[in-house]
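Counting in our numbering, the sequence shown runs from 70 upward without gaps.
Glycine is no exception: its CB is placed at the ideal position from the N, C-alpha and C atoms.
Owing to the predicted nature of the structure, the values given are computational and were not obtained by experimental measurement.
Structure first, commentary second.
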Amino acid sequence: MDDPHIAHTLAWLDQTDNHLITLGDPYYPQRLLDTDQPPPVLYAKGNLQTLKRPGLAIVGSRHATPQGEATAENFAESLCRAGFAVVSGLALGIDGAAHRGALKADGATIAVVGTGLDIVYPARHKALAHQIAQYGLILSEYPLGTPSLTHNFPRRNRIISGLSEGCLVVEANIDSGSLITAKQAIEQGREVFAIPGSIHSPVAKGCHALIKQGAKLVESTDDILSELRHIRLSNQALAISPNGPSPDWTNLPAEASPVLVCMGFDPLFAEQISARSGLTPEQ
């Protein structure tokens, strides 16, 4: 074979669970095919049966808060158990948390990447990508060897939304790339959901902007499932709290009680806690 790229691609396709999906392939997702710009070819690594499940995109900030990542993970696990395949982009922050949540359920998650499938970006998600390929699916429209070029990532977002019945934004700055995915979801006629946050948090600004523009405010997976009740799902949703298990306060010292009473969802300085609780900063 004279062309080294073709030879490399054929060798890659010889490996187990590596696939090339074209427009006429029975595994090519109909919802993606119905969009304005369906990719003519999809490189796939993993379980193609994942494409048979209805998709739900979960996206958000790469610089997510720990609470945001926990929320994304719990929503993803619950939605996966309800019968959805969780679709995201393998990025740091919310994307990675969404994939991890789906892997905690039955592994039905799809990572749409902006590189060739022989390159993992970001590199620190190499182990996560390996898990996704074992239980779910990694997709790319880009040929093998394509590096992590900046302009590839906004373009791949149309595939994330195109594979999905709806798009959930968990945390997003006002200029977050996840808002591009939400915009494309709207243009494709998908439902858009957003989780609100503190008015003081930069990573809540994008979600609040979406809600003002008509996105559905969600506080639990039931809010999403009720909106998508026309979708035929194979499993019943499990009762999983989107915020994780409730903390156990029973073993806290007595002096902690007045502190807990004055705490809300926004962070407080020690002086503010002191003023509200009547305790000194030293206490």
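Where does alanine 306 sit, in a helix, a strand or coil, going by DSSP?
Below a pLDDT of 50, predicted positions are generally treated as unreliable, and alanine 306, at 36, falls in that range; the measurement from the model is reported next regardless. DSSP places alanine 306 in coil when its eight states are reduced to three.
Endpoints, alpha helix (DSSP H) assigned at leucine 206:
Here leucine 206 belongs to no alpha helix (DSSP H); instead the beta strand (DSSP E) covers 206 to 209.
In this structure, does DSSP put asparagine 116 in helix, strand or coil?
In this structure, asparagine 116 counts as coil in the three-state DSSP scheme.
Nearest-angstrom Cα separation, counted from leucine 297 out to aspartate 86:
31 angstroms
Bridge-paired residues (DSSP) for serine 233:
Gly124
Terminal residues of the continuous alpha helix (DSSP H) containing glutamate 138?
135 to 151
Could you check where the alpha helix (DSSP H) with glutamate 256 kicks off and where it finishes?
In this chain, the alpha helix (DSSP H) harbouring glutamate 256 covers 247 to 256.
Keeping to the same chain, check which residues put their C-beta closer than 7 angstroms to that of aspartate 164; ignore five residues upstream and five downstream.
Val128, Ser157, Gly158
Name, in chain order, the residues that DSSP records as bridge partners for valine 155.
In the DSSP output, where bridge partners are listed per residue, valine 155 has Leu125, Thr178.
When DSSP labels each residue in this structure, what does glutamate 296 get in the three-state scheme?
helix
Please classify alanine 141: is it buried, with 16 or more other beta-carbons within 10 angstroms of its beta-carbon, or exposed?
buried
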